[in-house]
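K.L.:
If you scroll down you'll find the structure; I have some questions about it.
Protein chains in written order, with this note's numbering: chain A, 32 to 298; chain B, 32 to 298.
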């Protein structure tokens, strides 16, 4: 098993392209941004783009291709969306039908790719500031919950806000808010702090996705908008075809994690 | 002359709708957000939306209508884009052809409206924090310059970044950066501070739009991305038809100025 933690983003993408890397990318090319993928046909792209624009906290756009484009231009120079991710998921009419290792056969001239930010960027900053990130400590997946908060709809897309949760000691919540509020490009500040029932979460011990984590005495559950939201909204419309990365098998970009805010808002 | 400074946004829009108000909206419905208008046919809407998404500092989207919609849903409940702005400009093939008081005759079923943030929101916050805003002190228009920085292109849209300038005393620049960096929904932090020639401005005394302002000893020119950028990029493509507000004749929304950041990023 090759250790990709110190690899460059280009080396990780090359390995995925050559089929040498088919596993999750967590911890690879440390210090560089990883992104969620959504691919939709052009006839749904405008509504999806508008949905992301109307819901910037759960749907932070990092890069959107032009119709038919499969090469990235901004987050990396010329990475191939069809091959440079270790594993993909294909949904037809809202049902997952296959998990291919590339999209060379599946790519259509009317496809548009969307790369969306993930919480990876802000988790590193939290930990660097001494704020614990429990699911990293416990080596599990972050707990994710569907809330009773509705996103702003756009065209055919609508659906509930999905959130991730990290338990934070009371004295460190201010710091967690301060740090993430400065990062609107990767979900921004928490959308809710405290009582899970207020946002429609019945049992904090039973997340809808990911794994439950320990909440210690004196800690409060803190909820951030989650990148699962746009995929869930897209799938709810049951498009003829939609392609995403396989969970945990992310796109690794050439932008440093610490520069993501500047990258998105730069001119 | 009616004094609209203490009027509600609804009263200002009603007056514009009834033709009682045909002048600039500066200072009206104080404390409420004012927005730039761009109306484009649907065949250009995707590229324009993508251009705004790729250039969030100059192009902060406040609300985008669905195809054919002329009623706002978010910034105000049911305001009519066709009538509730005091004066409009119609551009055909990139040339201004008329300045109508409403769009009732001109509206097309394939039109999409875009409302974009303006610096009004952050100027009030600067002044409240003791940072001088020179063009307000001198009762002129803010000086605006075309730079040599290119925006990220999107489809048919491309063009240079346009900036506004406010001279700030050296000891208050940090405060101006701190305040505006917390407001990415209305242009965010400055894009350049200091030597104008670095960003292609030959003569700070001769702005491309607006009026020159006094720069006092110890003050440094501070440049923010400007909402003229997206309109300039749109007009550069010479669309068959494009409609904007007439300069200074803004859309007045029901959202409080002080809540614009929360409004845009709210879920």
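Heads up, the beta-carbon is just placed ideally off N, CA and C, and yes, glycines get one too. Fair warning: this is a prediction, and the values are worked out from it, not measured in the lab.
Let me confirm a value: residue 78 of chain B is counted as buried when at least 16 other C-beta atoms fall within 10 Å, else exposed. Which label applies?
P.N.:
One-based indexing of the second chain puts residue 78 of chain B at position 47. Answer is buried; the Cβ neighbour count reaches 16.
K.L.:
Suppose you measure from the CA of residue 137 of chain B to the CA of residue 101 of chain B; what does that come to, to the nearest Å?
P.N.:
Translated into positions along the second chain, residue 137 of chain B becomes position 106. Translated into positions along the second chain, residue 101 of chain B becomes position 70. When rounded, the distance between both Cα atoms is 12 Å.
K.L.:
May I have the straight-line CA-CA distance separating residue 237 of chain A from residue 223 of chain A, to the nearest angstrom?
P.N.:
For this step, residue 237 of chain A is matched to residue 206 along the first chain. For this step, residue 223 of chain A is matched to residue 192 along the first chain. Between residue 237 of chain A and residue 223 of chain A, the C-alpha separation is close to 18 Å.
K.L.:
Buried or exposed for residue 57 of chain B, please, with buried defined as at least 16 other CB atoms from any protein chain shown within 10 angstroms of its CB.
P.N.:
Position 26 of the second chain, counted from the first residue, corresponds to residue 57 of chain B. Burial call: exposed.
K.L.:
At 3 residues or longer, what runs of the beta strand (DSSP E) sit wholly inside the stretch 86-167 of chain A?
P.N.:
92-95, 119-123, 126-129 and 142-148
K.L.:
With the cut-off set at 7 Å, would you say residue 210 of chain B and residue 156 of chain B are in Cβ contact?
P.N.:
Walking along the second chain from the start, residue 210 of chain B turns up at place 179. Walking along the second chain from the start, residue 156 of chain B turns up at place 125. Result yes, Cβ atoms of residue 210 of chain B and residue 156 of chain B sit closer than 7 Å.
K.L.:
Compare the C-alpha of residue 69 of chain B against each of B/186, B/283, B/147 and B/254 and name the closest.
P.N.:
Against the second chain, residue 69 of chain B aligns to sequence position 38. Closest by alpha carbon: B/147.
K.L.:
Report the neighbours of residue 97 of chain B on chain A: residues whose CB is nearer than 9 Å to its CB, in chain order.
P.N.:
Locating residue 97 of chain B in the second chain gives position 66, where the first residue counts as 1. Correct list: 78, 81, 185 and 186.
K.L.:
Looking only at DSSP bridge pairs, what is residue 250 of chain A linked to?
P.N.:
Against the first chain, residue 250 of chain A aligns to sequence position 219. In the DSSP output, where bridge partners are listed per residue, residue 250 of chain A has A/200.
K.L.:
Quick check: the Cα distance between residue 219 of chain B and residue 291 of chain A, rounded to an integer number of angstroms?
P.N.:
For this step, residue 219 of chain B is matched to residue 188 along the second chain. For this step, residue 291 of chain A is matched to residue 260 along the first chain. About 15 Å.
K.L.:
Output, in chain order, the set of chain A residues within a Cβ distance shorter than 7 Å of residue 203 of chain B.
P.N.:
For the purposes of this step, residue 203 of chain B is taken as residue 172 along the second chain, with counting starting at 1. Under the 7 Å cutoff, chain A gives no residues; its nearest Cβ is about 21 Å from residue 203 of chain B.
K.L.:
What does the Cβ neighbour count give for residue 118 of chain B, buried or exposed, with the cut at 16 atoms within 10 Å?
P.N.:
Here residue 118 of chain B corresponds to residue number 87 of the second chain, with the count starting at 1. The residue is buried, with at least 16 neighbouring Cβ atoms inside 10 Å.
K.L.:
Just to confirm, are residue 182 of chain B and residue 258 of chain B a CB contact at a threshold of 7 Å?
P.N.:
Residue 182 of chain B sits at position 151 when you count from the first residue of the second chain. Residue 258 of chain B sits at position 227 when you count from the first residue of the second chain. The answer is no: Cβ separation not under 7 Å.
K.L.:
How long is the line joining the alpha carbons of residue 107 of chain B and residue 39 of chain A, rounded to whole angstroms?
P.N.:
The residue labelled residue 107 of chain B in the question sits at position 76 within the second chain. The residue labelled residue 39 of chain A in the question sits at position 8 within the first chain. Whole-angstrom Cα-Cα distance: 48 Å.
K.L.:
Could you name the residues of chain A that residue 132 of chain B contacts, counting a contact when the two beta carbons are closer than 7 Å?
P.N.:
One-based indexing of the second chain puts residue 132 of chain B at position 101. In chain order: nothing, as chain A lies at least about 29 Å away.
K.L.:
Quick one, which residues of the stretch 85-116 of chain B are near chain A if we go by CB-CB under 8 Å, in chain order?
P.N.:
Those residues of the stretch 85-116 of chain B that come within reach of chain A (Cβ to Cβ, closer than 8 Å) are 85, 86, 87, 88, 89, 92, 95, 97 and 105.
K.L.:
Show which residues of chain B have a CB atom less than 9 Å away from the CB atom of residue 225 of chain A.
P.N.:
Mapped onto the first chain, residue 225 of chain A falls at position 194. Those within 9 Å of residue 225 of chain A in chain B number zero; the least Cβ separation is about 16 Å.
K.L.:
Applying a beta-carbon distance threshold of less than 8 Å, which residues of chain A neighbour residue 219 of chain B?
P.N.:
As a working mapping, residue 219 of chain B is identified with position 188 in the second chain. Residues of chain A passing the Cβ test: 296.
K.L.:
Verify the CB distance criterion: does residue 40 of chain B have a CB-CB separation below 7 Å to chain A?
P.N.:
In the second chain, counting from the first residue as 1, residue 40 of chain B sits at position 9. Judged by the 7 Å Cβ criterion, residue 40 of chain B is not in contact with chain A.
K.L.:
Do you know offhand how far residue 248 of chain B's Cα is from residue 246 of chain A's?
P.N.:
Position 217 of the second chain, counted from the first residue, corresponds to residue 248 of chain B. Position 215 of the first chain, counted from the first residue, corresponds to residue 246 of chain A. Spanning the two alpha carbons is a distance of roughly 57 Å.
K.L.:
Which value, in whole angstroms, describes the spacing of the CA atoms of residue 271 of chain A and residue 127 of chain A?
P.N.:
Translated into the one-based positions of the first chain, residue 271 of chain A becomes position 240. Translated into the one-based positions of the first chain, residue 127 of chain A becomes position 96. Distance between the alpha carbons of residue 271 of chain A and residue 127 of chain A is about 11 Å.
K.L.:
Extract the residue ranges of the beta strand (DSSP E) inside the stretch 208-277 of chain B, only unbroken runs of 3 or more that lie entirely within it.
P.N.:
Restricting attention to beta strand (DSSP E) runs no shorter than 3 residues, the stretch 208-277 of chain B encloses them at 250-256 and 273-276, ordered along the chain.
K.L.:
Any C-beta of chain A sitting closer than 7 Å to the C-beta of residue 270 of chain B?
P.N.:
As a working mapping, residue 270 of chain B is identified with position 239 in the second chain. No, residue 270 of chain B does not count as interfacial toward chain A.
K.L.:
Would you verify that the beta carbon of residue 215 of chain B is, or is not, closer than 7 Å to some beta carbon of chain A?
P.N.:
Numbered from 1 along the second chain, position 184 holds the residue referred to as residue 215 of chain B. Yes, residue 215 of chain B lies at the interface with chain A (some Cβ there is under 7 Å from its Cβ).
K.L.:
Please name the residue, chosen from A/193, A/254, A/226 and A/60, that lies closest to residue 208 of chain A on a Cα-to-Cα basis.
P.N.:
Taking the first residue of the first chain as position 1, residue 208 of chain A is located at position 177. Out of A/193, A/254, A/226 and A/60, A/254 has the C-alpha closest to the C-alpha of residue 208 of chain A.
K.L.:
May I have the straight-line CA-CA distance separating residue 42 of chain A from residue 280 of chain A, to the nearest angstrom?
P.N.:
Translated into positions along the first chain, residue 42 of chain A becomes position 11. Translated into positions along the first chain, residue 280 of chain A becomes position 249. Taking the straight line from one Cα to the other gives about 15 Å.
K.L.:
What residue does the alpha helix (DSSP H) around residue 40 of chain A start on, and which one ends it?
P.N.:
The residue you call residue 40 of chain A lines up with position 9 of the first chain. That run of the alpha helix (DSSP H) goes 40-48.
K.L.:
Please work out which residues of its chain come closer than 6 Å, Cβ to Cβ, to residue 151 of chain A, disregarding the five sequence neighbours upstream and downstream, and give them in chain order.
P.N.:
Here residue 151 of chain A corresponds to residue number 120 of the first chain, with the count starting at 1. Hits under 6 Å: 65.
K.L.:
For residue 141 of chain A, which of A/244, A/214 and A/72 has the nearest alpha-carbon?
P.N.:
Translated into the one-based positions of the first chain, residue 141 of chain A becomes position 110. The shortest Cα separation from residue 141 of chain A among A/244, A/214 and A/72 belongs to A/72.
K.L.:
What is the DSSP secondary structure of residue 60 of chain B, counted as helix, strand or coil?
P.N.:
For the purposes of this step, residue 60 of chain B is taken as residue 29 along the second chain, with counting starting at 1. It is coil, neither helix nor strand.
K.L.:
Would residue 194 of chain B and residue 178 of chain B qualify as a contact pair, given that the criterion is a beta-carbon distance under 7 Å?
P.N.:
Working through the second chain from its first residue, we reach residue 194 of chain B at position 163. Working through the second chain from its first residue, we reach residue 178 of chain B at position 147. It is a contact, given that the beta carbons lie within the stated cut-off.
K.L.:
Using only the alpha-carbon positions, how far apart do residue 63 of chain A and residue 135 of chain B sit?
P.N.:
Here residue 63 of chain A corresponds to residue number 32 of the first chain, with the count starting at 1. Here residue 135 of chain B corresponds to residue number 104 of the second chain, with the count starting at 1. Between residue 63 of chain A and residue 135 of chain B, the C-alpha separation is close to 51 Å.
K.L.:
When burial is assigned at 16 or more other CB atoms within 10 Å of the CB, is residue 74 of chain A buried or exposed?
P.N.:
As a first step, residue 74 of chain A must be located in the first chain, where it is residue number 43. Flag for residue 74 of chain A reads exposed.
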